[in-house]
């Protein structure tokens with residue numbers, strides 16, 4: 002029994018040593034890359050759990066459950082800046098809202114950023130295979146198909162947005178009554194998205210013109226996004242529906 006305990010202890014110690022040795026090599030490699038490309042070290046999230054980063058994961062889950070995940074990440078970005086680094090289950094993860102960085106990752110230098118291993122398992126059932134969760138030929142095909150949709154000429158055309166905003170503003174009471182804007186903003190998102198992608202809005206802000214239950218659709222959409230957020234860190238949560 003004593004031998005078994007000693008062996009187990011040695012194995013545990015060896016695993017810990019190998020883990021930190023791998024982290025050291027990775028850190029040096031990243032430093033070389035940063036120096037080569039003249040990049041700064043992103044600020045690091047102050048974890049209570051520096052090994053696995055479970056505290057941040059718990060905070061994300063709680064914010065999603067409470068419906069305030071937008072404000073949660075807004076607070077993080079306000080504290081750590083547009084780009085910051087975290088520990089996600091023992092792996093480094095970088096959050097960014099920097100437009101140039103996002104454009105570089107998704108478009109100009111897409112081949113240098115591999116996303117499929119970390120995203121596809123959690124998103125394919127809802128998003129399919131596309132520009133946000135694949136690499137290589139799959140990404141190239143979907144990028145070519147969606148490129149016209151996101152052309153600058155169409156994005157900068159604000160006429161449709163102006164029309165939909167007029168509809169939204171007409172719905173809001175003008176007598177000072179308190180209004181929950183979130184459902185209306187979700188419908189605005191749906192209308193602008195369908196106008197951008199299909200060329201015509203479904204006009205969910207005007208219920209009499211809609212041919213299906215937009216409330217039910219948006220509720221299902223929210224559940225799907227929550228499921229993606231919960232399953233992304235762990236493949237073991239693939240069964241999770243919300």
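Residue numbers (the numbering used here): 2 to 243.
The beta-carbon is built from N, C-alpha and C at its ideal position, and this holds for glycine as well.
Quantities reported herein were computed from a predicted structural model and do not represent experimental measurements.
My assumption, with CB atoms under 8 Å, is that residue i sits in contact with residue j. Please give the rounded CB distance.
{"i": "residue 192", "j": "residue 206", "result": "6 Å"}
{"i": "residue 65", "j": "residue 230", "result": "6 Å"}
{"i": "residue 45", "j": "residue 54", "result": "About 11 Å; that fails the 8 Å criterion."}
{"i": "residue 232", "j": "residue 59", "result": "At roughly 15 Å, the Cβ-Cβ gap does not stay under 8 Å, so residue 232 and residue 59 are not in contact."}
When we look at the beta-carbon of residue i and count the other beta-carbons within 10 Å, is it buried (16 or more) or exposed?
{"i": "residue 77", "result": "buried"}
{"i": "residue 71", "result": "exposed"}
{"i": "residue 132", "result": "buried"}
For the beta strand (DSSP E) containing residue i, name the first residue and the last one.
{"i": "residue 81", "result": "Per DSSP, residue 81 belongs to no beta strand (DSSP E); it is in the alpha helix (DSSP H), 70 to 81."}
{"i": "residue 87", "result": "84 to 89"}
Who does residue i pair with in a DSSP beta bridge?
{"i": "residue 95", "result": "86"}
{"i": "residue 44", "result": "85"}
Going by the CB atoms, is the gap between residue j and residue i shorter than 7 Å?
{"i": "residue 43", "j": "residue 86", "result": "yes"}
{"i": "residue 169", "j": "residue 189", "result": "yes"}
{"i": "residue 187", "j": "residue 219", "result": "yes"}
{"i": "residue 204", "j": "residue 210", "result": "yes"}
What are the boundary residues of the alpha helix (DSSP H) that residue i is part of?
{"i": "residue 184", "result": "182 to 199"}
{"i": "residue 205", "result": "Counting along the chain, residue 205 falls outside any alpha helix (DSSP H), and DSSP gives it neither H nor E."}
{"i": "residue 212", "result": "From DSSP, residue 212 is part of no alpha helix (DSSP H); its letter is neither H nor E."}
{"i": "residue 127", "result": "117 to 128"}
{"i": "residue 111", "result": "No alpha helix (DSSP H) contains residue 111, which DSSP labels as neither H nor E."}
{"i": "residue 39", "result": "From DSSP, residue 39 is part of no alpha helix (DSSP H); its letter is neither H nor E."}
Regarding residue i and the ligand GTP, is the C-beta to nearest heavy atom distance less than 6 Å?
{"i": "residue 98", "result": "Absence of the ligand GTP from the depicted structure is noted, as is the absence of any ligand whatsoever, leaving it without description."}
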